[in-house]
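Just below is one structure, and these are the notes that go with it.
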Amino acid sequence: MTDTTALYGNGPERLPQSDPSGGCRRLQGRIALLTAAARGIGFASALRLAGEGATVWITDRDPAALEQARALAGQVGITLSTETMDSSDPAEVAARIAAIVARAGGIDILVNNAGGSLHTPYRFLEETDADWKVVLDLNLMGAVWASRAVLPAMIARGGGRIVNFGSKAGRFGSLIAGANYAAAKGAIASLTRQMAQEFGPHGITVNCICPGVVMTERTRGLWAQRRTPEERERVLQDIPMRRHCEVQDVAASVAFLASDDASFITGVTLDVNGGQGMA
Amino acid sequence: MRPVAIVTGGSSNIGWACVRRLAPDHRVLIADRRAPSEAMPEGAAHLPLDITDAAACREVFARARAEGEVDVVVHSAAITEPARPLEQIDPDEWRRVIEVNLNGAFFVAQAAIPALRASRGALVMIASRAARVGYAALSPSPAGTKPHYCASKAGVLSLVKSLAVELAPDGVRVNAVVPGSIEGAMIPRERWPEMAARIPLGRLGVADEVADAVAFLCSPQARYITGHALDVNGGTWMN
Numbered sequence: 001m002t003d004t005t006a007l008y009g010n011g012p013e014r015l016p017q018s019d020p021s022g023g024c025r026r027l028q029g030r031i032a033l034l035t036a037a038a039r040g041i042g043f044a045s046a047l048r049l050a051g052e053g054a055t056v057w058i059t060d061r062d063p064a065a066l067e068q069a070r071a072l073a074g075q076v077g078i079t080l081s082t083e084t085m086d087s088s089d090p091a092e093v094a095a096r097i098a099a100i101v102a103r104a105g106g107i108d109i110l111v112n113n114a115g116g117s118l119h120t121p122y123r124f125l126e127e128t129d130a131d132w133k134v135v136l137d138l139n140l141m142g143a144v145w146a147s148r149a150v151l152p153a154m155i156a157r158g159g160g161r162i163v164n165f166g167s168k169a170g171r172f173g174s175l176i177a178g179a180n181y182a183a184a185k186g187a188i189a190s191l192t193r194q195m196a197q198e199f200g201p202h203g204i205t206v207n208c209i210c211p212g213v214v215m216t217e218r219t220r221g222l223w224a225q226r227r228t229p230e231e232r233e234r235v236l237q238d239i240p241m242r243r244h245c246e247v248q249d250v251a252a253s254v255a256f257l258a259s260d261d262a263s264f265i266t267g268v269t270l271d272v273n274g275g276q277g278m279a
Numbered sequence: 280m281r282p283v284a285i286v287t288g289g290s291s292n293i294g295w296a297c298v299r300r301l302a303p304d305h306r307v308l309i310a311d312r313r314a315p316s317e318a319m320p321e322g323a324a325h326l327p328l329d330i331t332d333a334a335a336c337r338e339v340f341a342r343a344r345a346e347g348e349v350d351v352v353v354h355s356a357a358i359t360e361p362a363r364p365l366e367q368i369d370p371d372e373w374r375r376v377i378e379v380n381l382n383g384a385f386f387v388a389q390a391a392i393p394a395l396r397a398s399r400g401a402l403v404m405i406a407s408r409a410a411r412v413g414y415a416a417l418s419p420s421p422a423g424t425k426p427h428y429c430a431s432k433a434g435v436l437s438l439v440k441s442l443a444v445e446l447a448p449d450g451v452r453v454n455a456v457v458p459g460s461i462e463g464a465m466i467p468r469e470r471w472p473e474m475a476a477r478i479p480l481g482r483l484g485v486a487d488e489v490a491d492a493v494a495f496l497c498s499p500q501a502r503y504i505t506g507h508a509l510d511v512n513g514g515t516w517m518n
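For the protein sequence lines, the chains are A and B, in the order given.
Sequence positions in the first sequence follow our numbering and run 1 to 279.
Sequence positions in the second sequence follow our numbering and run 280 to 518.
In structure tokens form, the structure reads like this:
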């Protein structure tokens with residue numbers, strides 16, 4: 001009989017930590033591309049998609065980080081193909097993704113993971129136009145440019161999946177990132193809905209995931225710097241599930257939206273926030 | 280021993296799809312007034328239940344707990360009535376729809392809580408796109424709307440949020456799946472083509488696709504998702 005403790009229930013302690021597939025095998029034969037995926041949510045998602053059988057390409061602007069990601073993945077028996085790419089440079093995105101599409105033979109799944117508040121100020125009145133431009137370029141236009149580069153091939157294949165990253169920040173506000181970041185993430189949700197409407201007839205679903213704060217190296221620093229210990233404790237107590245988001249929580253949702261299990265789901269904003277915000 | 284899943288309204292349509300989806304790794308108990316008309320999957324059983332009877336709901340959960348750990352509860356039981364102008368709705372019809380769809384959801388949830396706390400399990404309630412946008416917006420009809428159905432399903436969405444907050448500290452997650460136009464008895468077949476033309480994905484959904492979303496929300500893949508309403512509607516309404 002199948003051991004179902006790994007399949008159902010909620011306790012993270014019951015998860016097969018050593019198995020990047022999460023016990024599922026839904027993506028055999030699919031080709032996936034994840035942007036800025038050498039670390040954090042992107043890397044965890046790449047492992048998950050590959051673990052479920054997809055052929056996975058990841059990009060990042062940091063070649064050393066890409067090499068490290070490839071080596072780490074190799075330790076759990078996963079092969080990742082890598083390409084150096086700065087998601088905030090439109091010419092580079094167009095050229096590098098065209099090269100990936102040509103070498104991979106097409107893309108079935110695009111995960112627009114590139115994003116971040118890039119250490120711009122938290123306070124609106126301290127944010128300059130330059131702070132707005134860099135954050136909008138990476139978080140919003142990066143997804144626009146990557147989608148533009150992938151969509152013709154996806155349409156030619158008769159369908160595909162695009163997973164964008166919004167954020168709890170774009171839906172309910174942020175305690176650690178500024179208005180530029182929240183606005184960019186809000187725009188991602190609008191972009192998702194419009195693309196879902198336009199590309200639905202081509203069999204392409206477009207959805208976005210809005211994670212709560214994930215304690216990566218980057219956010220842990222901002223969290224410590226921008227909130228007092230008392231505030232941090234209070235926020236944690238305000239999250240119904242009493243913990244912050246983990247990268248694997250998000251990776252599992254990426255895999256779901258990329259799989260046939262989500263074939264009639266498009267244009268949605270999937271909140272992965274432990275109940276911190278309920279729309 | 281396989282864990283137990285309870286599916287209310289499990290004898291037909293979306294509930295039946297959930298039964299089949301959960302059956303491979305659960306002892307599925309179908310809590311429904313009627314038994315399924317098709318052969319039940321291996322390990323599934325039917326328990327007669329009228330969800331408007333709070334004591335009967337408690338009894339079903341007590342029986343289920345005797346069979347194993349109840350780690351999944353899917354509440355799919357609901358009724359609808361023909362669309363008609365609000366002015367012509369008889370108060371008894373209004374009360375009946377609210378009694379089954381909203382009060383019934385409360386009775387099922389209240390009965391499920393002890394079992395779910397014990398298993399740190401997951402509850403999914405089936406709402407409807409009607410809860411989001413009303414009925415007229417979906418299917419403009421001069422004949423009228425289904426205000427009781429829409430209001431009852433909006434109540435279910437709200438109930439899910441309250442339950443999610445109350446039960447999260449015990450490790451129990453509560454979410455809603457919000458189907459759009461799904462092939463099945465609730466929509467007359469002659470209307471499918473006209474409805475498909477308004478759906479970005481170009482077709483109606485099928486019950487199995489709703490069941491896939493339910494299975495996702497019940498699984499550890501969704502272990503940090505609670506209080507969420509997941510739309511399965513092909514892009515007809517996007518939040």
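Virtual Cβ for every residue (Gly too), placed ideally from N, Cα, C.
For residue i, three-class secondary structure by DSSP
| i | result |
| --- | --- |
| Pro229 of chain A | helix |
| Asp329 of chain B | coil |
| Gly160 of chain A | strand |
| Gly106 of chain A | coil |
| Glu83 of chain A | strand |
| Leu442 of chain B | helix |
| Ala508 of chain B | strand |
| Thr35 of chain A | coil |
| Ala310 of chain B | strand |
| Ile405 of chain B | strand |
| Asn113 of chain A | coil |
| Ala284 of chain B | strand |
| Val451 of chain B | coil |
| Arg358 of chain B | In the sequence under discussion, the amino acid at residue 358 of chain B is Ile, which differs from the Arg named in the question. Note: Ile358 of chain B maps to coil in three-state DSSP. |
| Pro90 of chain A | helix |
| Pro426 of chain B | helix |
| Ile176 of chain A | coil |
Expected contact under 8 Å - CB spacing of residue i and residue j to nearest Å
| i | j | result |
| --- | --- | --- |
| Leu509 of chain B | Val268 of chain A | 7 Å |
| Ala443 of chain B | Pro240 of chain A | 6 Å |
| Lys185 of chain A | Gly277 of chain A | Rounded, the Cβ-Cβ distance is 13 Å, inconsistent with contact. |
| Pro479 of chain B | Gln194 of chain A | Not really, about 11 Å apart at Cβ, beyond 8 Å. |
Span of the alpha helix (DSSP H), counted from its first residue to its last, around residue i
| i | result |
| --- | --- |
| Thr192 of chain A | 179-199 |
| Ile58 of chain A | Element bounds for Ile58 of chain A: not the alpha helix (DSSP H) but the beta strand (DSSP E), 55-60. |
| Ala391 of chain B | 383-398 |
| Met474 of chain B | 471-475 |
| Ile293 of chain B | 292-301 |
| Pro370 of chain B | 370-377 |
| Ser45 of chain A | 40-51 |
| Ser253 of chain A | 247-258 |
| Val489 of chain B | 486-497 |
| Ala169 of chain A | 168-172 |
Of the residues the options, the one placed nearest residue i, counting alpha carbons only
| i | options | result |
| --- | --- | --- |
| Met85 of chain A | A:Glu127, A:His119, A:Leu138, A:Leu49 | A:Leu138 |
| Arg96 of chain A | A:Arg70, A:Leu125, A:Ser263, A:Gly142 | A:Gly142 |
| Arg123 of chain A | A:Arg218, A:Gly173, A:Leu110 | A:Gly173 |
| Gly289 of chain B | B:Lys432, B:Ala475, B:Asp487 | B:Asp487 |
| Leu72 of chain A | A:Ser87, A:Ala46, A:Glu83 | A:Ala46 |
| Lys440 of chain B | B:Cys336, B:Val403, B:Ile330, B:Asp350 | B:Val403 |
| Ile107 of chain A | A:Ala50, A:Pro152, A:Val206 | A:Pro152 |
| Leu136 of chain A | A:Ala187, A:Pro63, A:Val206 | A:Ala187 |
| Thr505 of chain B | A:Tyr181, A:Glu231, A:Gly212, A:Ile31 | A:Gly212 |
| Phe385 of chain B | B:Gly459, B:Ala343, B:Ile330 | B:Ile330 |
| Gly51 of chain A | A:Gly74, A:Ile209, A:Leu118 | A:Gly74 |
| Leu520 of chain B | B:Ala334, B:Met319, B:Ala314 | Any question about residue 520 of chain B goes unanswered here, given that chain B covers just 280 to 518. |
| Gly200 of chain A | A:Asn180, A:Leu175, A:Met154 | A:Met154 |
| Thr205 of chain A | A:Val163, A:Met215, A:Ser88, A:Cys24 | A:Val163 |
Cβ-based burial, residue i [other Cβ within 10 Å; buried from 16]
| i | result |
| --- | --- |
| Pro426 of chain B | buried |
| Ala422 of chain B | exposed |
| Leu7 of chain A | Annotation note: pLDDT 31 at Leu7 of chain A (below 50); position unreliable, no value reported. |
| Thr2 of chain A | In this prediction, Thr2 of chain A scores a pLDDT of 31, lower than 50, which makes its location untrustworthy; the coordinate-derived value is nonetheless stated afterwards. Burial call: exposed. |
| Met517 of chain B | buried |
| His244 of chain A | buried |
| Ala91 of chain A | exposed |
| Ala149 of chain A | buried |
| Val316 of chain B | In the sequence on display, residue 316 of chain B carries Ser and not Val. The residue is exposed, with fewer than 16 neighbouring Cβ atoms inside 10 Å. |
| Gly274 of chain A | buried |
| Asp261 of chain A | buried |
| Ala279 of chain A | exposed |
Range of the contiguous beta strand (DSSP E) that encloses residue i
| i | result |
| --- | --- |
| His354 of chain B | 349-354 |
| Val268 of chain A | Neither: Val268 of chain A is in no beta strand (DSSP E) and is coded neither H nor E. |
| Met141 of chain A | Neither: Met141 of chain A is in no beta strand (DSSP E) and is coded neither H nor E. |
| Ala65 of chain A | Segment 63-75 is the alpha helix (DSSP H) holding Ala65 of chain A; no beta strand (DSSP E) there. |
| Cys208 of chain A | 204-211 |
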